[in-house]
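Written below as structure tokens is the structure these notes are about.
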Amino acid sequence: MAVLGNSGLLPNYEPNSFSGLYHTNMTATTFSPEELEGLNGRHIYEFTNIDFAQAGDLYRLMSDEEKTDLVDDISDHLKNVKRHNRECQISYFKGANLEYSRRVEQTILSFGSEAQK
1 MAVLGNSGLL PNYEPNSFSG LYHTNMTATT FSPEELEGLN GRHIYEFTNI
51 DFAQAGDLYR LMSDEEKTDL VDDISDHLKN VKRHNRECQI SYFKGANLEY
101 SRRVEQTILS FGSEAQK
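Each step along the sequence shown adds one to the number in the UniProt record's numbering, with nothing skipped, and position 45 is 45.
Structural data, given as structure tokens:
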């Protein structure tokens, strides 16, 4: 198996705020027909708040202690992330649960100057 450098230091996910990979719904230009048995297809991906339903449901099922542990762990790591990336991540938490995003944001703010600007 050849990996050819795995794109070096570029992120291997998208969307990202750097360069490299990016999402497109242009299936017609990227589809190469091949002979198959059965069904094959490509579908346009729609980004909606329902994408966060499972994370929100899980958060609501957690005990208060589990929620606090989760928020503390996430906040401890996010304090080391650049502000624009951190704000993007917090917006994802907001899609899952408003309390969840608020607690993460407040915990990061409590780190004060420790949090990356």
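Each residue gets a CB set at the ideal place from its N, CA and C atoms; glycine is no exception.
Source: prediction; values computed, not measured.
Collapsed DSSP secondary structure at residue i in the structure displayed
i: residue 104; result: helix
i: residue 46; result: coil
i: residue 17; result: coil
i: residue 39; result: coil
i: residue 10; result: coil
i: residue 110; result: helix
Rounded distance between the beta-carbons of residue j and residue i, thought under 8 Å
i: residue 118; j: residue 50; result: Since the first residue of the chain shown is 1 and the last is 117, residue 118 is not available in this structure.
i: residue 93; j: residue 104; result: 6 Å
Close-in-space but distant-in-sequence residues of the same chain around residue i (CB under 6 Å, 5 per side omitted)
i: residue 52; result: 95 and 96
i: residue 67; result: none
i: residue 131; result: An answer regarding residue 131 cannot be provided, because it is not within the stretch 1 to 117 covered by the chain.
Own chain, CB closer than 8 Å to residue i, minus 5 neighbours either side, in chain order
i: residue 17; result: 84, 85 and 88
i: residue 91; result: 101
For this session: May I have a chain-ordered list of the alpha helix (DSSP H) segments no shorter than 4 residues that lie completely inside the UniProt domain "Catalase immune-responsive" (51 to 107)?
Result: If only complete runs of 4 or more residues are kept, the UniProt domain "Catalase immune-responsive" (51 to 107) shows the alpha helix (DSSP H) at 53 to 61, 64 to 78 and 83 to 96, in order along the chain.
For this session: Please confirm if the segment 36 to 48 is in contact with the segment 67 to 82, defined as three or more CB-CB distances below 8 Å between the two stretches.
Result: The segment 36 to 48 vs the segment 67 to 82: no contact.
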